[in-house]
Structure formats: structure tokens, C-alpha cells
Amino acid sequence: MRAYLAFMAPRLAEIWRLLRPDGCVYLHCDPHASHYLKVMMDTIFGATNCRNEIIWCYAGGGIPR
């Protein structure tokens, strides 16, 4: 995980540098990395810039509960 986060940090910083003020970023990752990347993105992009998190439900086949 440490190597993956070290790999992602400069890429997310570059995305922030290139992103327009009205731009957005969607990051898809597995549940093992999501909380680490959320903290990293809050540090780089600012915690107030997070709009929402999409969580996939792998069971249930799209049937509302």
C-alpha cells in the first residue's frame, strides 16, 4: 500500500496543478485504498472541495432495498 500511495501522490498533485477551477476528478479505487486516497486528496485538493463519494453495491443486482 505504501508504494501505491507513493505512486499516486505526485500524480494527484499534477492533476491538481492542471485542473481548471471548475474541473472535477473522479478516482476509482478499491475499498482497501479508498480511505488513504481520501485523506491524500483532501490534503492536495482541500477537504472542502470533496463533493461526494460513490460507493458500489456489489450484491443485490441493483434492486432497491
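Numbering-wise, the sequence shown is residues 1 to 65 according to the numbering used here.
Each residue gets a CB set at the ideal place from its N, CA and C atoms; glycine is no exception.
{"Query": "Short Cβ contact (9 Å threshold) for Met41 with Leu5", "Result": "no"}
{"Query": "Beta-carbon proximity list for Arg51, same chain, < 8 Å, skipping 5 on both sides", "Result": "Cys24"}
{"Query": "Delimiting residues of the alpha helix (DSSP H) encompassing Arg20", "Result": "From DSSP, Arg20 is part of no alpha helix (DSSP H); its letter is neither H nor E."}
{"Query": "When Ala59, Phe45, Ser34 are compared against Pro10, the one with the closest alpha-carbon", "Result": "Phe45"}
{"Query": "DSSP three-state assignment for Ala47, whether helix, strand or coil", "Result": "helix"}
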